[in-house]
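Shown next, in structure tokens, is the structure this report addresses.
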Amino acid sequence: MKKSGCLIAGLVVLGLVVIFGLYLVGVYNSLVTSEQNVESQWANVQNVYQRRADLIPNLVATVKGAANFEQSTLTQVIEARSRVGQISPQATADILNNPQKFAQFQQAQDQLSSALNHLMVVVERYPQLQAVQAFRDLQVQIEGTENRIAVERRNFNLAAQDYNTRIRRFPAALFARMMGFQPKAYFQAQTGAETAPKVDFGTR
Numbered sequence: 628m629k630k631s632g633c634l635i636a637g638l639v640v641l642g643l644v645v646i647f648g649l650y651l652v653g654v655y656n657s658l659v660t661s662e663q664n665v666e667s668q669w670a671n672v673q674n675v676y677q678r679r680a681d682l683i684p685n686l687v688a689t690v691k692g693a694a695n696f697e698q699s700t701l702t703q704v705i706e707a708r709s710r711v712g713q714i715s716p717q718a719t720a721d722i723l724n725n726p727q728k729f730a731q732f733q734q735a736q737d738q739l740s741s742a743l744n745h746l747m748v749v750v751e752r753y754p755q756l757q758a759v760q761a762f763r764d765l766q767v768q769i770e771g772t773e774n775r776i777a778v779e780r781r782n783f784n785l786a787a788q789d790y791n792t793r794i795r796r797f798p799a800a801l802f803a804r805m806m807g808f809q810p811k812a813y814f815q816a817q818t819g820a821e822t823a824p825k826v827d828f829g830t831r
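Heads up: take any position in the sequence shown, counting from 1, add 627, and you land on my numbering.
The following block contains the structure:
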């Protein structure tokens, strides 16, 4: 009778261990899925930033054709794009898991946004540019890309928030760091800005 009771108790304990183990496996798999979602959203952010960078050479070439266009404004855009271009694709994972490098990445991208915004304001003083179809096409493409950047950054922040919440919850918080699940940084609004930057490319 005593042996039977011990056997039952042992089976109950074993059952509880198995159930808890399966629960931990479920939590781990959930974290993996959440992390993969963050990385997918990060790739989307990278893609729209790259699309913007690819548009800039044509934009600069078109603007250069305008007589007496402000060289300092063009230089700001070119230099800002150059700083963004120095960030290699291989650095993506490192940026995503390093808050300091993430902040530096965002700063470089925000500087490019500011330079582009300034260029578009200056362009309004050159009606001959507004009359060039190629320039108007570029305006539309850049406007769409800037809007897409804002959307993808917001989607990334939502994915990162979900992931960061999961790794801080019990029981994931007990082993998440040991298993390599690191908190992700968020995109922040530009200094002094309360909303995402928006460029108005409306024809005057």
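Ideal placement from N, C-alpha and C gives every residue a C-beta, glycine not left out.
None of the values given here were measured: they were computed from a predicted structure.
Pairwise C-alpha distance: residue j and residue i
i	j	result
His802	Arg795	For the sequence presented, residue 802 should be read as Phe rather than His. Roughly 10 Å separates the two Cα atoms.
Gln809	Gln788	12 Å
Gln768	Leu643	58 Å
Glu697	Val750	9 Å
Ala693	Tyr753	8 Å
Asn791	Leu658	10 Å
Phe814	Tyr650	33 Å
Arg775	Gln673	11 Å
Gln733	Lys691	28 Å
Gln677	Val640	55 Å
Val652	Val645	10 Å
Arg721	Gln731	The residue asked about is misnamed: residue 721 is Asp in this sequence, not Arg. Roughly 12 Å between the two C-alpha positions.
Thr660	His745	40 Å
Ala758	Glu770	18 Å
Cutoff 7 Å; reference residue i; Cβ partners in own chain excluding five residues on either side
i	result
Pro726	Ala812
Phe647	none
Cys633	none
Buried versus exposed, by CB contacts within 10 Å (16 or more), residue i
i	result
Gln713	exposed
Arg804	exposed
Ser667	exposed
Gln736	buried
Ala707	buried
Ala742	buried
Phe729	buried
Ile683	buried
Phe797	exposed
Thr702	exposed
Val675	buried
Thr772	buried
Ala786	buried
Leu638	exposed
Ser699	exposed
Val748	exposed
Short CB-CB distance (under 9 Å) between residue i and chain B
i	result
Arg708	The structure shown has no chain B; it contains just one protein chain.
Own chain residues within Cβ distance below 8 Å of residue i, not counting five before or after
i	result
Tyr671	Here the sequence assigns Asn to residue 671, which means Tyr is not the residue at that position. For Asn671, where only same-chain residues beyond five positions count, the Cβ hits under 8 Å are Glu779, Asn782 and Phe783.
Start-to-end residues for the alpha helix (DSSP H) that takes in residue i
i	result
Glu706	Gln698 to Gly712
Lys728	Pro726 to Val750
Asn695	Element bounds for Asn695: n/a, residue is neither H nor E.
Pro754	Pro754 to Gln757
Phe834	Look at the range of the chain in this structure, 628 to 831, and you will see that residue 834 is not part of it.
Ala799	Ala799 to Phe802
Cutoff 6 Å; reference residue i; Cβ partners in own chain excluding five residues on either side
i	result
Val654	Ala799
Leu686	Leu765
Phe762	Thr689 and Leu756
Arg710	Ala735
Leu723	Trp669
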